[in-house]
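> Please read through the structure below; I'll follow up with questions.
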Amino acid sequence: MTTTKNARPQWDLSGSTFRDSQRSARRISDLRFAWLLILPGVAMLLAVVLYPLVRSLSSAFFSESLLYPGREFVGLANIQAALGDDFVRLLWQTGIFTVGATVLPFIVGLGVALALNARLPGRSILRGAFLFPWLLPAVVVSFLWMWIFDASYGALNGLLEQLSLIDGPRAWLFDTTTARGALIVAKSWNAFPWIMVMLLAALQTVPEDLHEAASLDGAGKIRRFWTVTWPHISGVAGIVVLLEFIWNFQHFDLIFVMTGGGPAQTTQTLATALYDSAFRSYDLGQAGAIGILWMIVLLVLVVFYVRFSERKEAN
Amino acid sequence: MVVTTETRSAPRQRAVARTHRSRRTFPLGPWAAVVGFGLFAFAPVYWLLITSITPDSLVYRYPVTFFPESVTFDNYRSVFTDPEIFGWLANSVIVSVITAVLSVVTSMYMGYSISKFRYRGRRTLLYFVLSSQMLPSALLLVTLYGIFATFGLLNTYFVLIISFTTFTLPLCVWMLKGFFDNLPDDIIEASKIDGASNWRTLHAIVLPLAAPGLVASGLFAFMRGWNDFIFALTLTGPERQTLPPALVNRYIGEAATDWPELMAASVLVALPVAVAFVALQRHLVGGITAGAVKG
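If you're matching them up, the sequences are chains A and B in order.
To get our numbering, take the position in the first sequence, counting from 1, and add 1111.
To get our numbering, take the position in the second sequence, counting from 1, and add 6.
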C-alpha cells in the first residue's frame, strides 16, 4: 500500500531528522483524507457503472431473460446470432446517423463560431441565444421536429410548398428515404450550439497579431483561416468531433421518440436495437451480445483518441 | 496572389489600408452568417412558441399559417390545470434537485482529492471517471433494471437519483478539478499552518472560493435529471415518472396528437432550464469549455 511505503522513513532513523518524520506523519493523514474524499464517488461508479457493465457484457454468453430468473451458459451463440441478425445493416445505419449528426452540426457550429468571433456588437448575448437549442430536453426537441416534419400540417411541408419546391405534402418521418435525414437534421439542430461554444473558446486563443501579420503578408481570408486559425483550433476541433461521434454512436432519445426505429427498421441503430432486445423481446443474452460488439467498436475509437491526443502532446 | 510585378511594399500598404477599412465598416459577412444560421437556430423555436398559442382551428388548417391571426392561452390553461401533469412536474423537480445537490457534494470531494493530493492510482482514477462517460447508457440500463428489480426498488425516486448522480460525476468531477487546479496551493498551505485540519480547510476556505464552479456543475446535474428520457421511462411507472417520458406516453400514441397542447407542455418542460441558464450564463459557458480548451 502507498501509505506504508510513504511512512517507512519514520522507522528508518539512519538519516532522517525530526522534521522529516513529522512531514511524513502529515502525509499519512493527508492520504487518508484524500482517499476518504473519493470514496462516495468511487462506490457509486463501481455500483452503477462498473458492475452493471461487467454483468451486461457477461450476459452475452448466457441465455437469460428479463421474464424469469436464472441463466444458462451458451458460449458464443448469442454473439453469432447478433452478428447474423443483419448486424452489418445495423452497424451501417448507426454509422450513417453518427457521421451525419457529427459532420452537419460541426459545419454549422464552426460557421456560427467564426461569425461570432468577429467584432459584432452584442456578441455575448448572441452566443447565449445560440445556445438555446442545446438546452432543450431531448423529448422537447423530438416533439418540436415531429411537429415540423408532420405530414398534414407540418411547417416544413408548408414552407416548401410556398416556395414551390415540392408539389404535395410528404411524410418525412414515415418515408424510408427521408426518415434518417430528418433525424440527422433534428439532432444537428440540438447539437451545434455545444460545438459552437467549444470552437468559440478555442478561437479566442488565436493571437490577433498573427492574423494581422498574415494579412500584411497579403494572405486572403481563406488562406488566413488555414494557416493561422485552424492550427490553433484543430486540437479542440478534434476532441469535439470525437466526443460527438461517441455520443451519437450511442444516441437513443431522438430516434426512439421520433421514429421508434422505423419506418421498416431503417432508422434502427445499435442503441435502439439493444433496447428492443432487452425490453421488448426480454432477451438479455441478445442485448449483451450487441453490447459486446458495441464495446469493440468503441474500443477502436478510444485507441484512435489516445493516438490522436499523444500526437497532439508530441507537437 | 498575382502581384509579382509590384514592389514589395505596395501590397503591404494595400493590406494595411484594407485591415483598417474593414475594422471601421459594417462587418457584412459575419452578420449575413449570423442571420442565416440564426434562421436555422430560431425558426423552430418560433414555431414551438407560436403553435402553443394558436387556436386549434388555425393549427389544423391547410395550407399552414405561419402568422396566425388570433392568439389563445387555452393550451397552457389545459396543461396547467391537469393534475396528472402537475404530479409529473413535481416528480421532475424532486428528482432533479436532489440529483443536483448529491452530485455537487460527491464531485467536489472527488475533484478536490484528485486536484490537490498526489497518490498512486490518481491518474487511473481520473481516466476511469472520464471513460465511464463513453459507455452506452442503454447497455448499463439493462442490468440496472435487473439489479433494481431484485431489490424491489423499481418505480422509486431513489433509482433515478442514484443513476443520474453517478452519470453526471464524470463531467462534474472534471469541471471541478479544473476549478481547484486554478486555486493556488498557498491558500491551502496557509490555512494548514494556521492549524486548520484538512476537513476545515476544504469547507471553510476552499469551497467558498469554488462557489461559481459548484453552481455550474450543480446546474449540469440538474439538467441531466430534468432532461433524461430513457432511464425514467424504463425504471419508473406512471406514479414516479418525470415529465419527459410521461409526456411521450401521454401525447405520442396511435391516436392523433394534440400538437398545440403538446407544444405548451414542451414550453413548461423547457422553461426552468432556460431560466436557470440565463441567470447563470457566464459561469456556465466557462464550465462547458473548461476541460477541453485547456486540455
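For every residue, glycine included, the Cβ atom is placed at its ideal position computed from N, Cα and C.
Computed from a prediction, not measured in an experiment: that's the story for all the values here.
Does Leu1361(A) have its Cβ less than 8 Å from a Cβ in chain B?
Per the sequence presented here, residue 1361(A) reads as Gln, with Leu not at that position. Interface residue, yes.
> Count the other C-beta atoms from every protein chain shown that fall within 10 angstroms of the C-beta of Ser1388(A), then say buried if there are 16 or more, exposed otherwise.
buried
> Just checking my contact of Thr171(B) with Ser109(B) at CB under 8 Å: how many whole Å lie between their CB atoms?
5 Å
> Could you check how far apart the C-beta atoms of Leu182(B) and Ser113(B) are, in whole angstroms? I think they sit under 8 Å.
6 Å
> List the whole-angstrom C-beta distance separating Asn161(B) from Thr242(B), where the pair is believed to meet the contact cut-off of C-beta under 8 Å.
5 Å
> Under 8 Å Cβ to Cβ from Leu286(B), same chain only, skipping five residues before and after it: list those, please.
Val221, Ala222 and Leu225
> For Phe1390(A), decide whether its Cβ has a neighbour in chain B, counting only Cβ atoms nearer than 8 Å.
Nearest CB-CB separation between Phe1390(A) and chain B: below the 8 Å threshold.
> Does Ile1357(A) have its Cβ less than 8 Å from a Cβ in chain B?
yes
> Please state if the CB of Trp265(B) and the CB of Ala1266(A) are separated by a distance shorter than 8 Å.
no
> Could you round the C-beta distance between Ala1297(A) and Trp1283(A) to whole angstroms and report it? I think they count as a contact, below 8 Å.
Contact between Ala1297(A) and Trp1283(A) is absent: CB atoms are separated by about 10 Å, not below the 8 Å threshold.
> Please check if any C-beta of chain B sits within less than 8 Å of the C-beta of Glu1319(A).
no
> Taking 8 Å as the threshold (beta carbon to beta carbon), is Phe46(B) in contact with chain A?
yes
> Quick one: which residues of the stretch 228-241 of chain B get their C-beta closer than 9 Å to a C-beta of chain A? List them in chain order.
Of all residues in the stretch 228-241 of chain B, Met229, Trp232, Asn233, Asp234, Phe235, Ile236, Leu239 and Thr240 have a Cβ within less than 9 Å of some Cβ in chain A.
> Okay, do the stretch 231-239 of chain B and the stretch 1360-1370 of chain A touch, 3+ Cβ pairs below 8 Å being the bar?
yes
> Starting from Ser1235(A), follow the alpha helix (DSSP H) in both directions and report where the run begins and ends.
Arg1234 to Phe1241
> Does Thr1316(A) pass the burial test, meaning 16 or more other C-beta atoms within 10 Å, or should it be called exposed?
exposed
> Name the chain A residues whose beta carbon is nearer than 8 Å to that of Pro33(B)?
Ala1229, Arg1230 and Leu1231
> At a CB distance below 8 Å, what residues from the stretch 1212-1225 of chain A approach chain B? Give them in sequence order.
Val1219, Gly1222, Val1223 and Leu1225
> For a contact defined as C-beta to C-beta under 8 Å, what are the partners of Leu146(B) on chain A?
Val1159, Val1160, Pro1163, Leu1164 and Ser1167
> Would you kindly report the start and end of the unbroken alpha helix (DSSP H) that includes Phe1363(A)?
Note, Phe1363(A): premise wrong, no alpha helix (DSSP H); not H, not E.
> Does DSSP classify Ser1263(A) as helix, strand or coil?
coil
> Strictly below 7 Å CB to CB, what residues from chain B border Glu1272(A)?
Pro69, listed in chain order.
> Quick one: does Leu1428(A) have its CB under 8 Å from some CB of chain B?
Since the displayed chain A opens at 1112 and closes at 1426, residue 1428(A) lies outside it and no answer follows.
> For a contact defined as C-beta to C-beta under 7 Å, what are the partners of Gln247(B) on chain A?
Result: empty, since nearest Cβ-Cβ is about 12 Å, beyond 7 Å.
> Does Arg1427(A) come out as helix, strand or coil in the three-state DSSP assignment?
What the structure shows of chain A is the stretch from 1112 to 1426, and residue 1427(A) is not part of that stretch, so it cannot be assessed.
> Contact between the stretch 1269-1284 of chain A and the stretch 1202-1213 of chain A is defined here as three or more beta-carbon pairs at a separation below 8 Å; is this criterion met?
no
> Closer than 8 Å, Cβ to Cβ, to anything on chain A: give me those residues from the stretch 264-278 of chain B, in chain order.
Residues Trp265, Leu268, Met269, Ser272, Val275 and Ala276.
> Does the stretch 188-205 of chain B come close enough to the stretch 76-89 of chain B that 3 or more CB-CB pairs lie under 8 Å?
no
> Assign Thr1288(A) to buried or exposed, taking buried as 16 or more other Cβ atoms, counted over all protein chains shown, within 10 Å of its Cβ.
exposed
> Going by beta carbon distance, what residues of the same chain come within less than 6 Å of Val165(B), once the five residues before and after it are set aside?
Phe154, Leu159 and Leu241
> Taking a Cβ distance cut-off of 7 Å, strictly less, list which residues of the stretch 1283-1303 of chain A are near chain C, in chain order.
In the structure shown, chain C does not exist; the protein chains are A and B.
> Within 8 Å of any Cβ in chain A, is that where the Cβ of Met181(B) sits?
no
> Excluding sequence positions up to five away, which residues of its chain have a Cβ less than 6 Å from the Cβ of Arg1182(A)?
Phe1173 and Glu1175
> Just checking, does the stretch 1253-1268 of chain A make contact with the stretch 60-72 of chain B on the three C-beta pairs under 8 Å criterion?
yes
> Might you give, ordered along the chain, the residues of its own chain that have their beta carbon closer than 8 Å to the beta carbon of Phe1419(A), omitting 5 neighbours on each side?
Gly1349 and Leu1353
> So is Trp1405(A) buried or exposed if we call it buried at 16+ other beta carbons inside 10 Å?
buried
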